[in-house]
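Each remark here refers to the structure printed beneath this line.
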Amino acid sequence: MIKNRSFIEISSFSNPRIKYLIKLRDKRVRDKENQFTIEGYREIHRAFHSKKITFHAIFTSPEYFIGKNENKLIEKINTLTFVLPRKIFAKISYRDRPDGLLALCESPNFTFDIDKELDGDFFVIVEGVEKPGNLGTIIRTAEGAGVSSLIVADPRIDILNPNVIRSSTGILFTLPIYTCELKEIISYLKAKNIDIIGVSPECKTVFYDYNFAKPVALLFGSEQYGLSEFAKSNLDDSVSIPMKGEADSLNLAISSGIVMYEVTKQKSVLQKN
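Heads up, the numbering used here is the position in the sequence shown plus 2, with the first residue counted as 1.
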């Protein structure tokens with residue numbers, strides 16, 4: 003146990019705090035309370051070190067811990083700490099295999115500020131994304147590919163959905179991410195002379211034949227509908243991913259990753275030369 007820290011034990015499923023955590027699975031409750039949860043050592047660790055998240059409480063179940071790092075992290079966060087038996091922690095967990103850590107936090111504001119200066123020369127816009135797992139994977143991939151900022155335009159899901167947090171492995175809190183209307187970010191990028199490149203199967207230019215050396219923003223459409231007509235009418239150019247087999251499209255997270263890393267490769271070659 004951690005020295006000089008008092009822990010509060012919860013031993014009942016009917017405890018009001020347990021009920022409240024379960025209610026936070028509903029987006030409407032998260033919005034109303036301006037609070038959300040982060041589950042998992044890796045996710046909480048990244049949220050803490052991002053210095054963007056305010057922690058209100060940590061719920062732990064040491065029976066699930068696999069090492070000593072969990073206690074070290076709890077000590078660093080230094081907030082109200084609750085200890086739960088295994089069966090009660092399983093009730094508040096979203097996971098099949100919990101690791102015994104869940105944090106209650108204040109919801110951060112991802113809304114894009116039109117007066118903010120975006121740093122970098124490589125941006126990704128995802129329009130109308132519908133699946134939390136896809137968004138989380140895109141966030142994780144964007145960070146790995148060196149994307150300067152990710153803009154979630156006209157989202158159909160809550161960016162603080164537990165599945166977004168989990169599939170992003172907590173990168174949601176470390177990569178610059180913003181939400182806004184598509185028309186707003188397009189107007190901003192055009193004013194900054196950043197080319198907006200759409201990714202669409204309708205385009206004849208294959209992505210690896212395109213010159214991404216300049217400042218660019220990749221624009222991806224939703225899983226079901228692709229790019230909207232507004233998006234298509236405001237592109238500076240577009241590219242496609244060739245399909246050699248029977249499938250006529252790829253999963254959004256996969257297709258975005260393929261093109262993102264092509265941009266990264268080209269920019270890396272340019273820097274070496």
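By construction, the Cβ of each residue, glycine as well, lies at the ideal position given by its N, Cα and C atoms.
Using alpha carbons as the reference points, say which of 158, 255, 163, 145 lies closest to residue 182. Counting from 1 along the sequence shown, the entry for residue 182 is found at position 180. Comparing Cα positions, the closest option is 158.
Would you please state the rounded distance, in angstroms, between the beta carbons of residue 264 and residue 209? I believe it to be under 8 Å. Locating residue 264 in the sequence shown gives position 262, counting from the first residue. Locating residue 209 in the sequence shown gives position 207, counting from the first residue. Sure, about 6 Å apart at Cβ, within 8 Å.
DSSP three-state assignment for residue 131, whether helix, strand or coil: Here residue 131 corresponds to residue number 129 of the sequence shown, with the count starting at 1. In the structure shown, residue 131 sits in coil (DSSP, three-state: anything other than H, G, I, E or B).
If we cut at 7 Å on Cβ distances, does residue 253 have a partner in chain C? Looking at the structure shown, chain C is missing, and only one protein chain is on hand.
Beta-carbon separation of residue 132 and residue 225 under 7 Å? Numbered from 1 along the sequence shown, position 130 holds the residue referred to as residue 132. Numbered from 1 along the sequence shown, position 223 holds the residue referred to as residue 225. Cβ distance < 7 Å, so residue 132 and residue 225 count as in contact.
Please return the same chain residues whose Cβ sits closer than 8 Å to the Cβ of residue 195, not counting the five positions on each side in sequence. By 1-based counting over the sequence shown, the position of residue 195 is 193. Hits under 8 Å: 217.
Would you kindly report the start and end of the unbroken alpha helix (DSSP H) that includes residue 258? To locate residue 258, count along the sequence shown from 1; it is residue 256. Per DSSP, residue 258 is one residue of the alpha helix (DSSP H) stretching across 254 to 274.
Continuous beta strand (DSSP E) stretch holding residue 108: start and end: Numbered from its first residue, the sequence shown carries residue 108 at position 106. 103 to 108 is the span of the beta strand (DSSP E), which, as asked, contains residue 108.
Other residues of its chain near residue 135: CB distance less than 6 Å, five sequence neighbours each side excluded: Mapped onto the sequence shown, residue 135 falls at position 133. Excluding sequence neighbours, residue 135 sits near 165, 169.
Among the candidates 92, 42, 34, 99, whose CA atom is the shortest distance from the CA of residue 73? Here the question's residue 73 lines up with position 71 in the sequence shown. Per the Cα distances, 42.
In terms of residues, what are the limits of the beta strand (DSSP E) holding residue 59? Counting from 1 along the sequence shown, the entry for residue 59 is found at position 57. Per DSSP, residue 59 belongs to the beta strand (DSSP E) from 57 to 62.
For the alpha helix (DSSP H) containing residue 33, name the first residue and the last one. The residue labelled residue 33 in the question sits at position 31 within the sequence shown. Where residue 33 is concerned, the enclosing alpha helix (DSSP H) stretches over 29 to 35.
Residues near residue 268 by beta carbon distance below 6 Å, same chain, minus five either side: Taking the sequence shown and counting its residues from 1, one reaches residue 268 at position 266. 214, 215.
Quick one: residues in its chain with C-beta nearer than 6 Å to the C-beta of residue 212, no 5 flanking neighbours on either side, listed in chain order? Here residue 212 corresponds to residue number 210 of the sequence shown, with the count starting at 1. The answer, listed in chain order, is 241.
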